[in-house]
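Undergrad: Can you keep this structure in mind? I'll have questions shortly.
Protein chains in written order, with our numbering: chain R, 185 to 295; chain V, -19 to 95.
Okay, structure coming up:
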């Protein structure tokens, strides 16, 4: 079993839709949960990270963590074509700073 | 945000040769850097943790003699793919954490093609 599971997609939505991206994890040692966005042939860029269970909002993006069910989500409101990318969730162990990534979900926002 | 620069962005080499990839933290010191490998449409797989002034820590299944890592200064880590073969063709990405902060900054990646 992979430590972080993520549906690879692709996920295709019309512009303006609310997008829900999800991951599950199995490693209870993860202290932080990150969401990265990766455009084709580029390095990942950090969107958001959360430490505890609950919601964290930043503009159109909301990250949600439910440690009891080991479930993490990223919601994108009013999606734009420029949001089209691969979204990677990751768990981080505070002691080692190692990031364990999910497989990434490819998102396509249609104009 | 902090900047991590990776060079080269793209390299093509002949089978059997060695290739060196550099990862630099431009505006901060990084005692620890990480090297990842990413195959097309797949996730980033951690290869090794690069520690300044000491030996790198490799993940299970990664050949340390094939992927040589040197972290000679607080701003530079290098990954050398030795005796490269076509199956080593991949996208290699480094990351660094500033001040042991949880946020990792990634380089732009190096696309290696071995022919």
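Every residue, glycine too, gets a C-beta built ideally from N, C-alpha and C.
Please report how far the alpha carbon of residue 249(R) lies from the alpha carbon of residue 220(R), in whole angstroms.
TA: Residue 249(R) and residue 220(R): Cα-Cα distance of roughly 15 Å.
Undergrad: How do the segment 196 to 209 of chain R and the segment 256 to 271 of chain R stand: do at least 3 beta-carbon pairs fall below 8 Å, yes or no?
TA: Yes, they touch.
Undergrad: Ordered along the chain, which non-local residues of its own chain (more than five positions away) have a Cβ less than 6 Å from that of residue 215(R)?
TA: 278.
Undergrad: In the DSSP assignment, find the unbroken beta strand (DSSP E) run with residue 189(R) in it and report its ends.
TA: Start and end: 188 to 190.
Undergrad: Can you give me the C-alpha to C-alpha distance between residue 29(V) and residue 93(V), rounded to a whole angstrom?
TA: Straight-line Cα distance between these residues: approximately 23 Å.
Undergrad: Among 212(R), 273(R), 281(R), which residue has its Cα nearest to the Cα of residue 290(R)?
TA: Per the Cα distances, 273(R).
Undergrad: Among residues of its own chain, excluding the 5 on either side of residue -17(V), which ones have a beta-carbon nearer than 8 Å to its beta-carbon?
TA: So the list reads 5, 6, 7, 85, once near-sequence residues are dropped.
Undergrad: Strictly below 7 Å CB to CB, what residues from chain V border residue 147(R)?
TA: Look at the range of chain R in this structure, 185 to 295, and you will see that residue 147(R) is not part of it.
Undergrad: Mind listing the chain R neighbours of residue 77(V)? Cutoff is C-beta to C-beta under 9 Å, in chain order.
TA: Simply 281.
Undergrad: Mind checking who residue 205(R) pairs with in its DSSP beta bridge?
TA: Beta-bridge pairing links residue 205(R) to 258(R).
Undergrad: I need the DSSP call for residue 69(V), collapsed to helix, strand or coil.
TA: In the structure shown, residue 69(V) sits in coil (DSSP, three-state: anything other than H, G, I, E or B).
Undergrad: Please report the residue range of the beta strand (DSSP E) in which residue 199(R) lies.
TA: Premise fails: residue 199(R) is in no beta strand (DSSP E) and is neither H nor E.
Undergrad: Taking 8 Å as the CB-CB limit, is residue 12(V) close to chain R?
TA: So yes, residue 12(V) belongs to the interface.
Undergrad: Classify residue -10(V) as helix, strand or coil using the three-state DSSP reduction.
TA: Note: residue -10(V) maps to strand in three-state DSSP.
Undergrad: For a cutoff of 8 Å on Cβ pairs, would you count residue 288(R) as touching chain V?
TA: Yes, residue 288(R) lies at the interface with chain V (some Cβ there is under 8 Å from its Cβ).
Undergrad: Report all residues from its chain with a CB closer than 7 Å to the CB of residue -15(V); omit the five preceding and five following residues, and keep chain order.
TA: Cβ within range, chain order: 4, 6, 87.
Undergrad: I need the straight-line Cα distance from residue 44(V) to residue 283(R), nearest angstrom please.
TA: The straight-line gap from Cα to Cα measures roughly 20 Å.
Undergrad: Is residue 84(V) close to chain R, meaning its C-beta is less than 8 Å from at least one C-beta of that chain?
TA: So, interface residue.
Undergrad: Select from 295(R), 264(R), 212(R), 245(R) the residue whose C-alpha is nearest the C-alpha of residue 276(R).
TA: The candidate whose alpha carbon is nearest that of residue 276(R) is 212(R).
Undergrad: Closer than 7 Å by C-beta to residue -6(V): which residues in its own chain qualify, once you throw out the five before and the five after it? Chain order, please.
TA: Closer than 7 Å at the Cβ level, and outside the excluded window around residue -6(V), lie 95.
Undergrad: Could you compute how far the alpha carbon of residue 99(V) sits from the alpha carbon of residue 90(V)?
TA: The structure shown does not extend to residue 99(V), since chain V spans only -19 to 95, so no value can be given for it.
Undergrad: From residue 244(R) to residue 46(V), what distance separates their C-alpha atoms?
TA: If I take the Cα positions, the gap works out to 44 Å.
Undergrad: Helix, strand or coil for residue 237(R), going by three-state DSSP, please let me know.
TA: The answer is coil: DSSP assigns residue 237(R) none of H, G, I, E or B.
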